[in-house]
Amino acid sequence: GSDDCNVKIWDANIKQSIGTIENKANICCVKFNLSDQYIAFGSADHSIYYYDLRNLKTPLYTLSDHRKAVSYVKFINKSQLVSASTDSTLKLWDLNGSTGECIKTYSGHFNEKNFVGLAVYDGKYITCGSENNSIYTYFKNCSTPLFSYKFSEANSVVGENINNNNNNNNNNNSNNNITKKKQFVSSVCWKQKDPILIAANSLVISKFCL
């Protein structure tokens, strides 16, 4: 998917793309369904489009409930999709009906500007980053966070944790405040078969969480 508003389908054995889906807005993310026959992509027009690869002209579903760009889509299973948006929400979609339906909205994290990551584990747990430099994990059936973990603030130049020593001069305090505002969790990933999560923030500082 690209800012040129197109999704291209590729075969690794062929130089040219084998299919194109034309959209009216920038593409932010693309994901195959677990069956590999369907794809979903998130768009800057606040919607998710779900296509059967055998018919690239018309989406099976257009899922519209977000208020801002859709930054990530992940499949919980073959018939359920979770999406993330810069409207500070995640949404769970049921793809079994005739139109697709939002069946739950998750909120508690903060995301209005950056791409902060989205990952799912065991069909039950949904994890995302946040612009308050934290990780949030939701249980699929609960709309509020199951737990969260906050990264310690670090100096963007030397990578050291910031302390609030009163002896620091005003200039250092000002720089620290700016650094804190810029830090956010930018990527999250669950290990495929184990309950181990790795995350990185905007300073490329990684953490393992159990």
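Take 413 as the starting number for the sequence shown in the working numbering and just add one per residue.
Every residue gets a Cβ at the ideal spot worked out from N, C-alpha and C, and that includes glycine.
Fair warning: this is a prediction, and the values are worked out from it, not measured in the lab.
inquiry  = From the DSSP secondary-structure annotation, give me the bridge partner or partners of Thr539.
reply    = Ala531 and Thr549
key: Distance CB(Asn435)-CB(Asn545) smaller than 9 Å   = no
task = Could I get the ranges of all uninterrupted beta strand (DSSP E) runs contained in the stretch 433-463, with 3 residues as the minimum, in chain order?
result = 439-444 and 450-455
query = Is the stretch 519-537 in contact with the stretch 458-477, if contact means three or more CB pairs nearer than 8 Å?
reply = no
message = Does Lys420 come out as helix, strand or coil in the three-state DSSP assignment?
response = strand
request  = Have a look at Trp602 and Cys540 and give me their C-alpha separation to the nearest angstrom.
outcome  = 11 Å
query = Would you say Ile488 and Lys443 are within 9 Å of each other, going by their C-beta atoms?
reply = no
request  = Work out the CA separation of Tyr537 and Asp606 for me, nearest whole Å.
outcome  = 12 Å
Given Tyr462 as reference, the closest of Asn508, Glu543 and Ile547 once Cα atoms are compared = Asn508
query = For Lys562, which of helix, strand or coil comes out of DSSP?
reply = strand
query = With 16 other CB atoms within 10 Å as the buried threshold, where does Asp499 fall?
reply = buried
ask   = Using the C-alpha atoms, what's the distance from Phe527 back to Val597?
value = 9 Å
request  = Ignore the nearest five residues each way along the sequence and tell me which others in Leu504's own chain have a CB closer than 6 Å to its CB.
outcome  = Val494, Ile515 and Lys516
request  = Let me know the secondary structure DSSP gives Lys603 once reduced to three states.
outcome  = coil
query = If we call anything under 9 Å between Cβ atoms a contact, is Ser414 one with Asn445?
reply = no
key: Beta-ladder partner(s) of Phe487, from DSSP   = Leu493
task = Go ahead and label Cys554 buried or exposed: buried means 16 or more other beta carbons lie within 10 angstroms of its beta carbon, across all protein chains shown.
result = exposed
inquiry  = Quick check: Glu565 and Glu543, are their CB atoms within less than 9 Å of each other?
reply    = no
inquiry  = Considering only DSSP beta bridges, list what Asp506 is partnered with.
reply    = Gln492 and Glu513
key: Cα-Cα separation, Ser459 to Ala611   = 26 Å
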